[in-house]
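UniProt numbering puts the first residue of the sequence shown at 1, with every later residue one more than the last. No residue lacks a Cβ here, since even glycine has one placed at the ideal position from N, Cα and C.
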Amino acid sequence: MKESKSKKKTSVVTKAIISLGVVLATTFFTFFLIGKWNSTPAKGVANESIKQVNTQQQEKKKETPPAKQKRPDGKPVGKVVYLTFDDGPSELTGKFLDVLKEQNVASTFFMQGSNLQNTGFQENVKRAVKEGHYIGAHSMTHNSDKLYKKGQFVPEMKETLALIHNITGTTPKLVRPPYGSAPGLKGEEIRNQIVEAAIKVWDWTIDSNDWKLKDNPTQIIENVKKQTTEEVEVVLMHEKAQTLQALPEIIKFYKENGYEFGVYNDADHFRLNFQKDQRL
């Protein structure tokens, strides 16, 4: 009798243990499935987010150009020449652009308002910007009496800059004073007006004298070569037929002498005015 009761007790305990084991196993398995269901997608989303961030960072690195090295005076490091052309646009603008494009050279144009108003020239003005050139202002009239004696320098430059904006959509701040800033901008009052208007001024380091050398491109080339003495040069030229003839040889000269060709950028302005006014 005692043996029978003992067997029954053992059987009950065994069943209880088996039942408990089944419950624990089922519970564990259920939590395992739930955990896997919750964690796997989250992990996938996290991994995808990381991939997207990395991709965006890589794209940003590609889009952001490396900062240009500068000298203490703001000029670029290395041998850099800026080819600049005054008095356009003209019937020759397109031909100048053709040569520059063929030579893979960007340049800086200082254009005159009265010429910008000629609708026949405006397509080449737009083309110049599209092909990577900078267009600054060279006044409306090029009249020294009006500009410097009658106080029209800033008003004319503002009007010319507005014309450039209307034609190209750009917002340039750089101007070149007709005949240079000396003696035109000698007075402090006119320079204060320029500063108040947030306008920048550029003269030049090399004067090709091309405007007075009709049919003499060889002399233009020689003038440029003789005056090239610094690592950073800004060459003054004009939209003239003789300059167009000389241009390929001038470009060749600078390439052979290890110069890069710079194009003006408002964000990288450096002082270049004969008045040596740091504000301009």
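(request) Let me know if V77 comes out buried or exposed under the rule of 16 or more other beta-carbons within 10 Å of its beta-carbon. (result) exposed
(request) Can you give me the Cβ contacts of S124 inside the same chain, cut-off strictly under 8 Å, excluding the 5 residues immediately before and after it? (result) The amino acid occupying residue 124 in the given sequence is Asn; Ser does not appear at that position. Contacts found: P89, T93, G94 and L97.
(message) Quick check on the burial criterion: 16 or more other C-beta atoms within 10 angstroms. Buried or exposed for G74?
(response) exposed
(request) Would you kindly check if the distance between the Cβ of H138 and the Cβ of R191 is under 8 Å? (result) No, they are not a contact pair.
(request) Return the bridge partner residues of V235 from the DSSP annotation. (result) L83 and I206
(message) Suppose you measure from the CA of D207 to the CA of P217; what does that come to, to the nearest Å?
(response) 14 Å
(message) Please report the distance separating the alpha-carbon of N118 from that of E239.
(response) Spanning the alpha carbons of N118 and E239 requires a straight line of approximately 16 Å.
(message) For the alpha helix (DSSP H) containing Y254, name the first residue and the last one.
(response) A241 to E256
(message) Whole angstroms are fine: how far does the CA of P172 sit from the CA of W202?
(response) If you draw a straight line from the Cα of W202 to the Cα of P172, it comes to about 13 Å.
(request) Kindly indicate which three-state DSSP category L272 falls into: helix, strand or coil? (result) strand
(message) Taking the beta carbon of H133 as the centre, do at least 16 other beta carbons fall within 10 Å, making it buried, or is it exposed?
(response) buried
(request) To the nearest angstrom, report how far apart E159 and A197 are at their CA atoms. (result) 12 Å
(message) Just to confirm the assignment, what range does the beta strand (DSSP E) spanning T108 have?
(response) T108 to M111
(request) Report yes if the CB atom of L83 is closer than 8 Å to the CB atom of V235, and no otherwise. (result) yes
(request) Measure the CB-CB distance between Y259 and V129 and report whether it falls below 8 Å. (result) The beta carbons of Y259 and V129 sit no closer together than 8 Å.
(message) Could you compute how far the alpha carbon of D215 sits from the alpha carbon of Q278?
(response) 39 Å
(message) Just to confirm the assignment, what range does the beta strand (DSSP E) spanning A137 have?
(response) Y134 to A137
(message) Can you tell me whether E91 is helix, strand or coil according to DSSP?
(response) Under the three-state reduction of DSSP, E91 is assigned to coil, being neither helix nor strand.
(message) Using C-beta distances below 7 Å, list every residue in its chain close to S114, excluding the 5 sequence neighbours before and after it, in chain order.
(response) M140 and T141
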